[in-house]
Each structure stands twice: as structure tokens, then as C-alpha cells.
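In UniProt numbering, the protein residues as written are 1 to 215. Quick reminder that beta carbons are idealized off the backbone N, C-alpha and C, glycines included. Data block below; observations after.
If you want it as C-alpha cells, here you go:
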């Protein structure tokens with residue numbers, strides 16, 4: 001697994017060679033095998049694709065080679081985050097989406113890209129994560145609807161699914177500090193902001209070392 005670089009780099013403005021923004025109603029993948037590929041965005045109330053520069057920053061933090069990674073995009077929506085991970089070599093990407101129309105749209109995008117490593121499951125993200133008992137995910141991507149205030153529940157449901165060195169990405173309408181992350185049982189590795197979007201890269205806290213000094 002890649003090791004993310006040192007903490008708290010600022011979000012940089014797009015450079016001159018940055019991929020141009022997609023037109024309204026579509027998103028453009030910005031890295032990997034499908035770089036510059038365009039995907040239509042469903043006309044759906046409240047749908048909010050992760051901005052290009054946020055995706056660019058996240059995958060600069062994680063590294064551009066995710067070969068062998070197992071990834072969960074738990075509130076997939078447009079699938080932008082999950083498809084970016086697949087584009088960078090992830091071995092398996094699971095897109096969870098509760099809405100039937102959006103799930104169909106995601107499946108269509110998989111077909112369009114030939115993304116055989118991506119699987120779409122129509123399910124409630126919190127319920128699905130609560131039922132899963134295997135800690136085998138290298139990356140969990142969380143971008144829940146901002147108005148639903150699911151941040152705490154989503155992080156607590158996702159953390160047990162990570163491998164010991166796995167990463168958790170959280171996108172929110174507010175910033176969560178180190179104390180908030182510690183209360184979840186994880187550490188804040190990096191965070192940034194783009195407009196009204198706050199984004200965080202977290203990692204599970206190491207369990208305390210056993211104390212062998214007692215009687």
C-alpha cells in the first residue's frame with residue numbers, strides 16, 4: 001500500500017496544465033487510465049459531485065498508484081471518487097448507492113468505461129457497513145449528503161472495515177479537528193478546504209500497547 005506524504009498541504013490552485021473543467025451535467029476524471037474521460041451526471045436533486053481540485057488533492061495525498069487496493073465509495077452519488085480510484089489501478093471498487101435512478105446511472109458509467117473492477121450495489125450505506133464483518137478495505141470514501149448530518153455515524157461504521165493501514169476520506173460541510181477524530185478512534189492525517197467543502201484524510205489509531213509492567 002502507498003504511504004501518504006506528510007500532513008497538511010494546502011489545496012493548490014489548478015496549474016496551467018490542469019485538466020479543464022467539465023461542462024455542466026458531466027464530470028471529467030482527472031487521473032489514471034481514464035484521465036480526461038467524461039461521464040454524464042444524473043439530473044437529481046442535491047447531487048453534488050466532488051470538485052475536480054478536491055479529487056486532485058486527495059489522490060496526490062494517497063499517491064497515483066492504487067494497484068491492488070480494495071475501495072468502498074459508500075455514498076457514491078456520481079461515482080466520481082470511486083471511478084478516480086479505479087482509474088488509478090484499484091483492484092476492486094464497490095459503489096454503494098441507495099437511490100435506484102443513481103444506481104442505474106452508475107452501472108451505465110461502468111459499462112461506458114469498461115470498468116470491470118467496479119461493482120454497483122443498491123443499498124443503504126450505513127446499514128451495509130454495519131452488516132459487513134470483514135476488515136479488508138484499503139480505502140473508504142465518505143461523501144454523505146451534507147444536510148443529513150451522517151458524518152459521525154458514517155465514520156464510526158466505516159472505521160472497522162479498514163485494514164490496519166487503511167485510509168478513510170471524509171467530505172463534509174464543516175471541518176473536523178484532531179480531537180473530533182480522536183473521539184472516533186482515528187487520527188487526522190490531512191485536511192483541506194475548497195469553497196464550502198471541507199475534506200479530511202483519516203487513519204485508524206493504533207491500539208494502545210499492552211502493559212506488561214503490572215503484577
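Presumed contact (8 Å Cβ cut-off) between residue i and residue j, rounded CB distance
i           : j           : result
residue 134 : residue 158 : So it is not a contact: roughly 13 Å between Cβ atoms.
residue 123 : residue 98  : 7 Å
residue 172 : residue 146 : 7 Å
residue 86  : residue 118 : 5 Å
residue 42  : residue 101 : 6 Å
Backbone CA spacing between residue i and residue j [nearest angstrom]
i           : j           : result
residue 40  : residue 27  : 6 Å
residue 56  : residue 187 : 22 Å
residue 199 : residue 81  : 12 Å
residue 178 : residue 155 : 14 Å
residue 112 : residue 191 : 33 Å
residue 58  : residue 25  : 23 Å
residue 221 : residue 151 : Absent from the model: residue 221. The displayed extent of the chain is 1 to 215, so no value can be given.
residue 202 : residue 108 : 31 Å
residue 64  : residue 169 : 15 Å
residue 175 : residue 52  : 19 Å
residue 162 : residue 31  : 24 Å
residue 35  : residue 104 : 23 Å
residue 184 : residue 72  : 19 Å
Distance CB(residue i)-CB(residue j) smaller than 7 Å
i           : j          : result
residue 125 : residue 91 : no
residue 138 : residue 70 : yes
residue 47  : residue 77 : yes
residue 89  : residue 67 : yes
Beta strand (DSSP E) segment containing residue i, residue limits
i           : result
residue 82  : Looking at the DSSP string, residue 82 is not in any beta strand (DSSP E); the run it does join, the alpha helix (DSSP H), is 80 to 87.
residue 204 : 197 to 204
residue 73  : 70 to 73
Residue range of the unbroken alpha helix (DSSP H) whose run includes residue i
i           : result
residue 127 : 125 to 131
residue 61  : 52 to 62
residue 111 : 100 to 113
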